[in-house]
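Engineer: Residue numbers (the working numbering): 7 to 148.
For every residue, glycine included, the Cβ atom is placed at its ideal position computed from N, Cα and C.
This structure is a prediction, so every number in the text was calculated from the model and none was measured.
Would you mind keeping the following structure in view while I ask a few things?
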Amino acid sequence: MKKQSKNTTANFAETMNKLLTAPVKPIYQNTPVLSRSKGIEREIDEAKLEYKARKAMTMEKKKLASKDRVKTDFATFDHERKLRKLATKGVVQLFNAINKSQKVTNDAIKAAGGETKLSSRDTEDVANMSKETFLDFLKGEK
């Protein structure tokens, strides 16, 4: 158990009286008891500084993110869309040609006996054939 002094209420009243009668700056007229506690002020100031620092960091990140961003020019928007469609068609044709050349290569492997490993001569034939057919597919010849 804790020891209790006989004059706990008297000590409390005396301390409270000293705090309330102490001279207070005009800033702290509303809260005279807290005027002696500087910890709260420091915490508030630190919180404000942290907030400002975080805000500055986020603004800097936003500036860096939007630094190289190009705004859309609606005067050339239709032209850009046509170019995008053309590029998409080209990529689709490229992948289709690659797929067809792989099918031709796989068919040649199966025709050579179904072996996964071909002799060096057969490998050269398949490689040359696939290059030629691949270039033909790219040119549009079938």
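So, is Ser107 buried or exposed, given that buried needs 16 or more other C-beta atoms within 10 angstroms?
Structural biologist: Buried is the call here.
Engineer: Please name the residue, chosen from Lys145, Ala117 and Glu47, that lies closest to Ile33 on a Cα-to-Cα basis.
Structural biologist: Nearest option by C-alpha distance: Glu47.
Engineer: Would you mind listing the alpha helix (DSSP H) stretches within the segment 15-73 that are 4+ residues and don't spill past its ends, in chain order?
Structural biologist: Here the runs fully enclosed are 45-71.
Engineer: Just curious, the alpha helix (DSSP H) that Asn112 is in, first and last residue?
Structural biologist: Taken as a continuous stretch (DSSP letters only), the alpha helix (DSSP H) holding Asn112 covers Phe83 to Ala117.
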